[in-house]
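A quick write-up on the structure given underneath.
In this note's numbering, the protein residues as written are 1180 to 1323.
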């Protein structure tokens, strides 16, 4: 089976989708500030690109999952052709599946909140200001 994919076509489709999602999100935000989210406009929350569990989040998760599928296809092709990096592509595919699941399920946000509570209970330190998201601390420490 041969699957022909044209980069220009895919690029145009992705750019169009991203623009539509962003314009819809902007319209939802304008409606929120003009009329609020109460009543009839409450479903507009699904278009908010700044919130979790929305259409933009689903789109992002779907893109990560598609990347995982493409990486898995590359891994299989590498193994079949005897290339030496099939396992590496497979690991990348697994990482992208995990990123997709995290994007949709908000795992790192829940884990970060739990770690913040644990840190506050054990040391009394409460993240705020420049480190209002606890994950910034280990991420900054790992860069050294």
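All C-beta atoms in this analysis are idealised placements derived from N, C-alpha and C, irrespective of residue type, glycine included.
| query | result |
| --- | --- |
| Per-residue DSSP class, three states only, for residue 1303 | coil |
| Rounded C-alpha distance that separates residue 1231 from residue 1303 | 29 Å |
| 8 Å contact criterion, which residue 1282 and residue 1233 should meet: CB distance rounded | No, residue 1282 and residue 1233 are not in contact; Cβ-Cβ is about 11 Å, not under 8 Å. |
| Between the CA atoms of residue 1248 and residue 1156 - distance to the nearest angstrom | Nothing can be reported for residue 1156: it is not among the residues displayed for the chain, which extend from 1180 to 1323. |
| Three-way DSSP call (helix, strand, coil) for residue 1256 in this model | helix |
| Residue 1194, DSSP secondary structure in three states | helix |
| Endpoints, alpha helix (DSSP H) assigned at residue 1274 | 1265-1284 |
| For residue 1185, the three-state DSSP class (helix, strand or coil) | coil |
| Residue 1203 vs residue 1220 beta-carbon contact at 8 Å | no |
| Counted within 10 angstroms of its Cβ, other Cβ atoms place residue 1207 as buried (16 or more) or exposed | buried |
| Rounded distance between the beta-carbons of residue 1223 and residue 1250, thought under 8 Å | That pair is no contact at about 35 Å. |
| Assigned secondary structure, residue 1233 (DSSP; H/G/I helix, E/B strand, else coil) | coil |
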